[in-house]
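One structure below.
Numbering (the working numbering), first residue to last: 7 to 156.
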């Protein structure tokens, strides 16, 4: 696991998250795996550690998915991500779509919805490439938000 030294703590944190997710994926869903229960001593929480990254203005970074509604489903904005790959200070981030308790898609442009309204996050087929040096903070979220049902 990467130790965060402070030179670029967001990059190092994302690299650590990526390593943990890969370890969980490689071990599969075996309940006795070291990594299967890495994030919780009692149950496997899946292969995603969701997070929010913040700009230098202390605002969550917003990305957009399905612009022009080219695939099934509406266009959406999100501040939630899953790291897919890290290379040379950049990362490929999968967009996670946020829903409230009533399965309404939340919109994070212009503070239309609040972070506290999030009940469930789902992986999407949309990814973005970011330079991790452009961000000043990262907040990891509870993996139980992924595909939450209750």
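Backbone N, C-alpha and C fix where the C-beta goes; we use that ideal spot for every residue, glycine too.
Within the DSSP bridge table, the entry for residue 146 names 57 as partners.
For the options 91, 139 and 113, the alpha carbon positioned closest to that of residue 21 is the one of 91.
In the DSSP secondary-structure assignment, residue 88 is bridged to 100. By a beta-carbon distance limit of 8 Å, residue 84 does not contact residue 74. Their separation comes to about 16 Å. Comparing alpha carbon positions, the residue from 111, 142, 68 and 138 closest to residue 128 is 111. Proximity to residue 106 across 95, 96, 94 and 119 peaks at 119, based on C-alpha coordinates. Between residue 146 and residue 62 a beta carbon distance of about 20 Å is seen, past the 8 Å cut, so the two are scored as non-contacting. Pairing residue 78 with residue 101 gives a Cβ-Cβ distance that is not under 9 Å.
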